[in-house]
Every structure is written in C-alpha cells, then in structure tokens.
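One structure below.
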Amino acid sequence: MPENPNPRLPAQYVQWIEALPGSQINVLQHGDMHVNPEAPSAGSPFERLQAVSDNAVAYCDIVAPRDGGSVVRLAEGAYVRRTVEERLLRRLDSPSLTALVGEAGYGKSVLMWRLHQRLRAAGRNPLLIPATSLLGDGDMEATLSVEMIAAALQERPTILLVDTLDLLLHEQAAQERVARLLAAAAEARTPTLVTSRPVEARTLTLHEDGADAGGLPGGAIRKITLSDYDPRERTEAIVTYAAQFYPEDGRAEVVERLQNANVRGLPLQEVCRNPLALRLLFELYAPDEPPETDVDTIGLYDQYWQRRVVSDTRGPGTAGSGPDLTAHAHGVALALLSKGSIESTGTDLAEQIRPLSGGSALPADKAVGALHARGVLTMPPSSRRLRFFHQTLFEHAAARAVAAVGEPAARVLFDCVRREPHDLFYGEVAAQLMLLAKRRLVLDGPATATLVEWLSDQERGLLALAMRTYARITDPGHELREAAARALQSCERDVAIDHLTLLPSVNHGSFDRIGAELGLLWRRAEKLQEEAGIQDRVTRREGRAIALNVLEALSRLAAAHPDQVLRFLQERECLSWLKNMPSGDMRNHKSLYLRVLEPLYAYAPRRCASALVDFFESFAADGSVGGAAEILDLFDRHPTPPLAEAEMMRIMRAMRVFRSDQDATALEMLYVRLREPWLADLSATELLERTQTMLGAKEWETVGRRAELRALSRSALTLTAGEAGAYLEPLLRTRNRTRQEHLLTVLGTVLQEAGEPPAPLTEYARKQCRRQLARLPAKRRADKGRPLPLLFVNALYGARTSGPALLAALPEVTSEELWSDPDGLIGILAAAALAGHETAAASLRQLLTSRRRSNVHVAVLGRLREAAVAGSAESVDYLILHAEATGDLTAIREVLSKAPESPVGVRERLHRLRASFVAAKNKDVVTQGAKLWRTLVDQRVEPYPTPSEIVGAGLTRSAGHSLSMALLQLADSCLRRDVWTGQDVSVLVQALGPYVEADLDRRTDKAATVSATARTVLIGLHARHTPLPADPVRQRAFATDIMELVYTSATDLETQQGLAAFTRCVVAAAPLPNRIADPTTTIELVTTVARRLHELQPQSTRWRRNAAQSWHTAIAKAVISAPADEVRRMIQELLGSDEQMARLAVAVCVDHMRPIPDWLKEMEPLMTPEIHKRMRGVMSRNARDGSPRKLPALYEKAIAAASSPDL
C-alpha cells in the first residue's frame, strides 16, 4: 500500500483507490458509519468491545476532508445538536430497546457519536458498535460475535449503541444474529439503541412514535424518527458548517446568504432543511465561493454532477482535473436500472458500461474506479458491490441516462410505470425524468403528454405519482395545469396533501399557479366542512386536514411571496378560520398560525402585528400561558420596527384580565422585555407613581399585574444611587396587606438581579434586606400586615433567589434557631443551605431529621425537591436524610422519578432504605417500601425483583388496597419490561387468582381497581411466561381461555376507568401469539380480537387504535408465516372490522411479499385513504431497496443508441 500523502487523515480511515494510472486519490467514506476494525485478541469481552467502540468513535468523529488537507471533525465543533437528542438520552436512562430510524444522510451515525460522548461524560459505560463488526466477508471472519457482546453486557453495566443495523437486515442469517443480539441486550437489561434506514427497519417489530412499548419488550422496539432539520437545527447547522468549511473572513457572508435564503423563501431553503444536502452544499462550494441562492435540490445535484462527474473539483489538488465521466456514470445508472437493483460488483458494472461508453479512451474498469474515487459511487463495508452514494443521486443519474438515450428508452420506462405504478423504484426515476425534461426541454413533448395522461387516470398509485411529479414542476403549461386542477377537485385526501407538501419545495417564479391550486384546495376544504353533518366527523376531519396543509404550504411560501400570501389569507379569511379553533388546537401542528405569520411579519410588520395580537387576545382569554408567550417571543425576536402603541395597549389590556394557574414566569419575562422601551424614558418619580398605582390596581389579575410590576422594577434598575432610596423607601412604608403581597414581586425582582457590579437599586435593597433580617424574629402586627423583615424573607422566597445573590442579601451573623423559626428565616432555609451557608445547613439537617410537621416544613421539602429535579445532588442527600429519619418516602420518590441519575453512594443508601421498609411488619410501611422499590427499579437503581420476591413482600388478598396496589404495580412494571424471561412465574399466578375471582364482587372503586390491575398482570403473565402445552390443539384452547379473561373484563366501558382497564387487558394479551407456532391460530386470534373490539365499539376511537397497535407484532407474524390465502382472508376481514389493524397488516404485506400480490391491489377500493397512504408510503420506502422487476429493454435501447452511426 502506498504511503499516506496526507498525514492529517488517520491512516486507518483512508481508503486507497488507484483511480487513474500514475495517481493515488484518498477517499474518505463519510455518511453512514462503515468501519470494521480489528478487535484485540486478548482481554475480557468488555475490553475487546471497548477497543472496537473506541475505533468506531474515532472514525465517526470525521465528518469530511476540508480543503487544504485538514479534516472537519465533530469533536472540534462540527456537531449540530439535534432536537431528538434529549429524548433518546431519556430512553437510555433505563432498560429499553429503541430504533432510531431515518434515511441515509440524516445524521444517525453523528447522533450516535454525540450520545456516546454525553453518556461517557456522565460516567456511564457506552459502547458504540458498528454493525459491520458483526459481518464477515468471504473468508474474513466477523470482528465480533453475538456471544462476545452478550458476555460483555453481563460483565458490567453498559449502554449499547449499534449503528447501521440495517446492514444486518438483508439476509436471513444476519437477521437471526440481530434477533440474538437484541435478546442478549434484553436479558442483561441493557439500554440499547440501534439505527436503521426505514426500508430495512421494516424487518424489525417497531412501535410507532408515541406508542407505549414499555421498557424492553420481547421483540418490540420503540421507533423514534430522525427527520430533516427543524428551524433551530437548520440555523445551527449553517453557522457550524460555515465555521468549519470557510475561512474566518468569508463565514459571515455565507451565513447571511443561507439565512437570507430561508427568510426570503429562496429555493436554497429546501436544500438547507436536508442534512445530507446541506453538508453536500458546503463540500461543493467551500472555501472559494458562497453557495448560489437559486439552487434547489435538483440544481444541487446538477452542481454535483458538474464538479464530480464532468470534472473532478474537490479542492486545489484536483480542481477541474480528470476526464469527463458522464457517459460512464450514465452507463452505471442504466445498468442498475435495467436490472432493478441499487448495487452491483465493480466487475459487472465495468462489463456492462463498456458497450455504452462510446469512443472513450478510458477503460471501463478504470472509469468505475474513478467514479468510486470521486465519491460518486460508494462500497458498503464487508461488500464488493458498488452503489451511488445516495439513492436520490441514483434516481437523478438514471433519469439523466434515460434522457441521453432518447425517447425510445423513455417510452420503455413510462410504459413500465403505467403497468406497475406501485413500483416506485422505476416510478421515482420516471418522475425525475419528467422534471429534467421540463427544465431542459429534452423529451418535453413525450414527458408532458405522458404526465397529462397520468393526471387523468383513476388508478390510485399512478395518480399519486403524477401529482407528486407535477407539484415539483416550476412552470407547467396550460394543458398540465388543467389536468392537475381536475385531479385536485376529487383526488383522495392523501394525494392532495402530498401535492401541498411538495409544491413549496421548488422555486416558483410566479404565485399565479400556486395561488390557483391552493385556492382550489381551500375551497374544497371549506365545502367539505360545510357539508359535513354534526355526526359526519370523517368528512369534517378530511376538510380540516386539507385546510391545515394549505396553511402549511403557505407558511413555506410566505417568505418568497409575502404580498400574495397576505392577500390569499385576507381574501379567504384563513386566519379567522384558525382563530376560531380552541386555543389548544391553535398551537397544534407546531403552532402553524405562528409559522404562517412570522415570515410575513418581516415583510409587513404593522399588518401582521395586529393579526398576532388577535391571537394573543384569544390565548389570554383562555388563560393559555404557552400560546401567549410564543407570540411575545416572536415580537422579542423581531424588535425592529418596535411594536405600535395601539398593539402594545391591546396586549396590556389582554394581560390585565389574564387568569391562569400555570407557571407564567416565561410569559412575564417576555412581557418585561416588550415593555422596557415604553418605560425607558420615565423619571424616578414617574416610575414610583406607576409602581404605587399598580400595587393597588384592583382591575388587574395576578399574571398581568405581576408582569407589569416586573417591568417597572426592571426599569427602576437604571436609577442612580441617589434615586434608589427615593424609589424604594415609599414602597416599603405601605401597611396594606394586599399592596404588600404585590410588593413582593418588586422586591424579588430587584434582589435577585445578578448583574456585576449590582445596580444601585439592587445594592440599596440588599443593604435594607440585611438590616431588616438582622431584626428577626418578627411577629405579625395587629393589622395583620407583615413587618419589613418578613416582607424581605417572603420576597427572597417568592423570587427563588439563590446562590451568591441570596448570600449577598443575608446578614453576616445568624443564629441556628432563627433558621428554624416560622417568624424567622425558615422560608429561605433550603436555598441558603444549598448556597453554602453553614449555619443554615446545620439547621436544615436538624429540621429534616425531626418528626415535626407543619406548612413551613412542607415548603422546605418542596424547595429541596425543585433543586433535586434541577440536578442538585446535595438536595438528594438532604431528602434521603429526611426519609431515613422520618419514614416518609414521598419526597424522595417524587424526586427519583424526575432527577438525573444518582451517584453510587446515594444508590447504596436508597437500597438499604428500601429493604428496611419492605421487611417491616407494618403494612403502611411496607406499602411505602413497595412504592419506593418500583421507583428504584424503574430508575435502574436496583435490579428488578423476581415473582417470588413480590409475593414474599405480602401480595395476598388480605393485604389491603394500598399494599396490594403497590405490589401489583411493581409486578406490572416488571412485566411490561419483560424481565422475567425464563423465570418461574407460577407463584405469582397463584397469588393473583383470589384477586381476579373477587372481581365479581367489587363493592368499592378501590376493590375494582385492585381486581382490574390483578387481571391485567395475570393476563400478561400467561401471555408472556406461562409454559404452553406442546399440542397445537391444546395451545389453541389455552389461547382461547386467556382471551376470555380479556373479554370478560369489558363490563364497564361507559366509564373512563372501565375503558382503560379493558384496554390494558387487550394490550397485555398481545404477546401471546408470538409464542404460538401455528400461524392459523395466530390469524384466528387477530381476527377475533378485531371482531370483538368492533362489536364493543364500531367507531375508530383512540382506545381502539391503541389496542390495535399493541397487536402489531402478532399481525406481522401472521402475514409473514401464514399461507397467502389465509393472509388474504385476514386482511379482508380486518378491512371490515378494524382500520388500524388493517393498516398494519397491509403495510407488513407490502414489506414482505414480493411481488405485491394481485389480490392486495384488488382490495384497494376497500381501503380507506389512511390505509392506502400507509401502503403507498411503504412502497416508496421499499423502492430504495430495488425492484423485483427487470427492464432489459432499457439496456437494449441504450446499446442501440450507443452503436448508432448518428451518434
């Protein structure tokens, strides 16, 4: 191997390819993590995995080669924080199995690297394992084995991160390895996260986002989707990449250009939303020139083609060098397209492109190697097969290739799609060909004629493809627009919504075409909602969905066409339609109303401000703190031009009557920033007068008054030292109780100000505070007014003053007794102790170890809980001290369920505490111990108990309601996390019998709750763990008995409690079919459940959908293992009884049956739009994996064209 000419690239991560005679080009394969490092032969299993993980982390740290030979690294600032990151970390806090699913290039590997870094910094033991290390290739053995990983997981507590698991999901043998790997993680109760592309993820049993799969279920994995960049991520990515790829003097221009593209709605904004496209943008243009603002995704691939295929432009060393490989790239794309495949060996590709490369002097094998060297083609790890670096590039290249061959090849492709419109492997290439034809006027006539024909077709799949294609055409002609308008009048909702989603994704020079189509769909939505009767919720929901998606499209078009969008909104009263929704619905759909108005606000602030204040008034009237706050936040982020006086007065009037029990601190602080310019010119006298007026203003509700007082107090911080006393002293002289209560806001705002040096008013207030606190204790006076010392204590307490700001307000010397005195400093005891005040800390320890109870005692515990949840380990120590001394575990349980992970020493104390409570004789004490036990195991502080341990803790019918429920909930927690695999559960089954038998004689609600919970646990035990009879007939009888336990619980569906209990029983039984070998029995169970649920509730309600979702695994097993005729019967019955189950069954059927059976296509008229949309979505994902069909005629047309003497 030649010497590495670029020492800045770690040698083990550089792939050498002989691209052209006499040259060596280093290629950094970035994107999905592909590495197969050698594991050390010595050391424990964990140490060997650690070595593999360290190599993987180092590899993943590399983002891309930077111009000049250096490398862009994540650890050096190239990481872009993803919104889903915190959710994944929460999942990894406890035993769980999670799949992060996203398309290639969306940043899955990068996110895994980030999670590894954060987990290691938190003292955990994360292992980042590339799935390639479990793959062999030919004679080369895999680096790791499942057995080695299983041994490592048993060796010490670990968090397992498996990247690119999709590489193991293509072959049966590898899929079995995945199953064993996940089973090993479940057995070790290891928090596990895997990544996969959507296509391959279909072979896993996934619970959709939001479904409750429980901790580590037996085979079911919680799916979390990684999508394209949200606005915050996009902004951060632009700034981050500019800093990494451009010199310092050019970064500001790049950031401004890209951010401006987003603000103005230029085509580049769609590129910036896609992680892969955005990174590719920087790689292509940096460091010599800023990106062009009129480039969209197709334009980006055009640029890529020019800089990687037509020539080799990857920096000074390659700028403009190398031969034009267009004919060879076309040949590779045609070879793959004609075979219905996304990859092939280099040898086969070279053989197939040789006849297509015309008179090129470059040998075919060298051309393939050069395309690989330039990064156009990539080779997955442990493979000898090449593919385009991304599927979308393949579709672009294939469309170019077909266009280059001419109309005969295009006709072959169009005819194939017409015959098989659901085969999106070819369908997406045909769509790209039509888009290229319209842009370049190549094959424009045939492409337009074909698209008009498809738009007029009633076949669902063909019309959907046609509409998605048409939406991306920037300037369609009259014939196309007419055909599309007819289709939009009557097409299914999901087709219309797809159109609305894609329409803003390209640059439209004029709004005329967009406005006409949006207007057509808005009228259709209005008509559907007007015609829907009171009971016709389906039609009304369809109209609402279309209307919301029209507004969604407008939100993306607003920056590019602000005047036209404003006119559209006004003429159709769209904002009034939104405002008439309940305030909670207005904030759904990611606050759509705000996303529509914000880009318009920059264009027409006066007009939009009035509309935004309309929404603010609605939120204020409903007491919606979050809704009101996000509008003030918008004004805060767009301070220029300042808000007009009329709008400011309307906001003040709305705040005056604002009532809410929610924490409104964020809203109040936003209001303060909005008010500051209006108060800036007030003199000290005017500020005092306004403050005194607000203290006694009876017409103001609490939230508004507090916000206005905060604003006045913040403005007073600008007063001079001479003015500070003149402002504060008159306020302190008030004796009216109500005015004193309101004065606490003023004092708290001033005292907690953290500026350095402190403002004169803050310094004056702290001096007065120290002087007054030195006078404590202080009794209330006869008029019930608070003396000044207590007023300051209450102000410090109410403002949550802490740390140095609190210590600065305390007198130098205080007695320990004063800190525990209700008329002294007890209100700020917890905060002072946590701030490091030694006398307060001693007094707090004494208070927590006493058994005295009072309101102030409760308040102290409340402050400690707040601090513990915020991450204060010292607060947790105090709460454990309290629990140990008093036997009251309430506070520590609440904290453990919310606080960060506890240190080892704390865990040991908690374990001893729990054990002593569970071993007590008093049932109330044991109940508290059982509740703490559940909290500890859920937070991974203790291992899960065995069934025998739960029964031994007192689970008997005579235990009473509280103890029984605590132990049953502990058992249910263990059951849902599937931690009893292989254990004997018979002792627990026997203990539950009396509870279930007593279900018939429930005299109280408490007894009913206990019996219902026991029944759920019993059903779950039988479904997951009770040994099955060997005989298939007896298995079926066993399953029937279990399901009867489920159905007999449906006795009280009129109440929310009874409905929830029954739903839990249905969910608990869902794992049962996974253990039954006979697929016919599985189908009978599925169809019977669907039928019985339909009889109980014919409408598609939420509980019906949740119950159906839990049977996803059983449905998948039935589709995969049962004969086709039985699958057909099952789907046909589900279509008539349970829409959700039918949707799941159809999706699995499309995933696993190749080719898609004709009988499924014949059922399309029976499918609801939701089911059909799911089916089409799965087909679209499957297209990324190739096609079961071949098109040899395409290759033949290309050969004929290449050999034609006219060319």
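Using numbering that gives the first Met the number 0, the first residue of the sequence shown is number 0, and each one after it goes up by one.
For glycine and all other residues, C-beta sits at the position ideal for the given N, C-alpha and C.
- Item | Simplified DSSP state of I61, which is helix, strand or coil | strand
- May I have the straight-line CA-CA distance separating G368 from T325, to the nearest angstrom? 14 Å
- Query: Identify the residues that DSSP records as bridge partners of T717: which are they?
  - Reply: In DSSP, T717 forms no bridge with anything.
- What is the DSSP secondary structure of D1051, counted as helix, strand or coil? coil
- Message: Here's a check: name, in chain order, each residue in its chain whose Cβ is nearer than 7 Å to the Cβ of V308, leaving out the five neighbours to either side.
- Response: L324, T325, A328, V375
- Task: Would you mind sorting M648 into buried or exposed? The rule is 16 or more other CB atoms within 10 Å of its CB.
- Result: exposed
- Message: For A463 and A182, I'd like the C-alpha separation in whole angstroms.
- Response: 41 Å
- Might you give, ordered along the chain, the residues of its own chain that have their beta carbon closer than 7 Å to the beta carbon of S22, omitting 5 neighbours on each side? For S22, the predicted structure reports a pLDDT of 29, less than 50, and the residue's modelled location is therefore unreliable. The matter cannot be settled from this model.
- Message: Report the CB separation of S93 from P190 in whole angstroms; it is logged as a contact under 8 Å.
- Response: 6 Å
- Where A683 sits in the DSSP three-state scheme: helix
- Item | Continuous alpha helix (DSSP H) stretch holding F388: start and end | From DSSP, F388 is part of no alpha helix (DSSP H); its letter is neither H nor E.
- Task: Can you tell me which of the three DSSP states K1196 falls into?
- Result: helix
- Item | Contact check, K578 vs F614, beta carbons under 8 Å | yes
- If we ignore side chains and look at the alpha-carbon of each, how far apart do E707 and A645 end up? 17 Å
- Could you tell me the distance, in whole angstroms, from the CA atom of L863 to the CA atom of V1088? 49 Å
- Item | Proximal residues to A777 (C-beta, below 7 Å), its chain only, five neighbours per side dropped | P786, P788, L789, D822
- Item | Buried/exposed call for V1126, threshold 16 Cβ in 10 Å | buried
- With DSSP run on the structure shown, which of helix, strand or coil describes E207? Low local confidence applies: a pLDDT of 43 at E207 is under 50, so the model's placement there is unreliable, with the coordinate-based value given in what follows. Here E207 sits in coil by DSSP.
- beta strand (DSSP E) segments (min. 3 residues) lying fully within the region 749-797: none
- Query: Residues in its own chain within less than 7 Å of V564 by CB, not counting five upstream and five downstream?
  - Reply: L553, L556, A557, L599
- Query: With C-beta atoms as the reference, is R1142 less than 8 Å away from I1170?
  - Reply: yes
- Can you tell me the Cα-Cα spacing of A663 and Y796, whole angstroms? 17 Å
- Message: Taking the straight line between their C-alpha atoms, what separation do you get for A965 and T224?
- Response: 35 Å
- Below 8 Å on the Cβ atoms is my guess for F244 versus V51; work out the distance and round it to an integer in Å. That belief does not hold up - the Cβ atoms of F244 and V51 are roughly 31 Å apart, past 8 Å.
- Message: Quick test of the definition: if touching needs 3 or more C-beta pairs under 8 Å, does the region 331-340 touch the region 384-396?
- Response: yes
- Message: What would DSSP say about P1191, mapped onto helix, strand or coil?
- Response: helix
- Taking all protein chains shown into account, do 16 or more other C-beta atoms lie within 10 angstroms of the C-beta of R80, making it buried, or fewer, making it exposed? exposed
- When the Cβ atoms of the region 401-416 are set against those of the region 433-443, are three or more pairs found closer than 8 Å? yes
- Assign A1201 to one of three DSSP states: helix, strand, or coil. helix
- Query: Does DSSP put K697 in a helix, in a strand, or in coil?
  - Reply: coil
- Query: Which residues in the same chain have their Cβ closer than 6 Å to the Cβ of E700, if we skip the five residues on either side of it in sequence?
  - Reply: V656, F657, R658
- Message: I need the boundaries of the alpha helix (DSSP H) containing S582, first residue and last residue.
- Response: 582-585
- Item | Rounded C-alpha distance that separates I1246 from D60 | The question about residue 1246 has no answer here: the residues shown for the chain are numbered 0 through 1206.
- Message: Using only the alpha-carbon positions, how far apart do D983 and R1023 sit?
- Response: 12 Å
- Item | Rounded straight-line distance, which links the Cα of A77 to that of E1132 | 53 Å
- Query: Do you know how far the Cα of A798 is from the Cα of L718?
  - Reply: 21 Å
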